[in-house]
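Some notes on the structure that comes next.
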Amino acid sequence: MRVMVGATLVATGLLLSACGDKDAQRAQADANAVGFVPPSVTSRLDFGASMERRFRTLDRNADDRITKDELPAPNARIKAFDRNHDGVITAIEWSEGTLAWFDRMDLNHDGTVTSEERAESRKR
487 MRVMVGATLV ATGLLLSACG DKDAQRAQAD ANAVGFVPPS VTSRLDFGAS MERRFRTLDR
547 NADDRITKDE LPAPNARIKA FDRNHDGVIT AIEWSEGTLA WFDRMDLNHD GTVTSEERAE
607 SRKR
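At position 7 of the sequence shown (counting the first as 1) the number is 493 in our numbering, and the numbers step up by one without a gap.
So this is what it looks like as structure tokens:
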């Protein structure tokens with residue numbers, strides 16, 4: 487009988503210590519989850535569609551051209567899309583410029599840009 491009681495106590499102790507480890511693991515997992523920011527992945531197609539919507543938003547008079555008065559605050563990146571330097575960004579210049587920008591961010595050239603690639607391209 488004493489052997490059974492002793493074995494039961496040992497088994498209970500092991501179970502409780504395992505629960506303590508699980509509780510500690512769970513607490514650590516919860517702490518990690520609080521600060522977790524999932525990586526984002528953007529395909530070239532999604533990026534292009536998003537930039538097309540941005541163009542349509544900026545082109546307030548819907549003439550397929552962004553003029554100086556339609557540009558947000560001075561933005562060198564957007565102005566760089568104006569290849570012929572006429573002060574107007576056409577839909578074609580916008581599309582080619584934004585896709586070239588995407589391609590520069592796509593460091594491994596797999597057709598997607600992850601949040602890590604985006605951060606690394608900003609450093610460069």
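Ideal Cβ positions, reconstructed from N, Cα and C, are used throughout, including at glycine. Being a predicted model, the structure only gives us computed values, none of them experimental.
Span of the beta strand (DSSP E) around T598 = According to the DSSP assignment, T598 belongs to the beta strand (DSSP E) that extends over 598-600.
In chain order, which alpha helix (DSSP H) runs of at least 4 residues are fully inside the stretch 570-610?
-> 577-591, 601-609
Closest residue to I552 among V574, V599, S536, D589 (Cα-Cα distance) = By alpha-carbon distance to I552, the top candidate from V574, V599, S536, D589 is V574.
Spatial neighbours of D467 in its chain, beta-carbon cut-off 8 Å, leaving aside the 5 residues before and after = Look at the range of the chain in this structure, 487 to 610, and you will see that residue 467 is not part of it.
Do you know offhand how far S607's Cα is from S601's?
-> 10 Å
Find out if the Cβ-Cβ distance for the pair F588, F533 is shorter than 7 Å.
-> yes
If I'm right that D545 touches E556 with Cβ under 8 Å, what's the distance once you round it to whole angstroms?
-> 6 Å
Start-to-end residues for the alpha helix (DSSP H) that takes in S536 = 530-544
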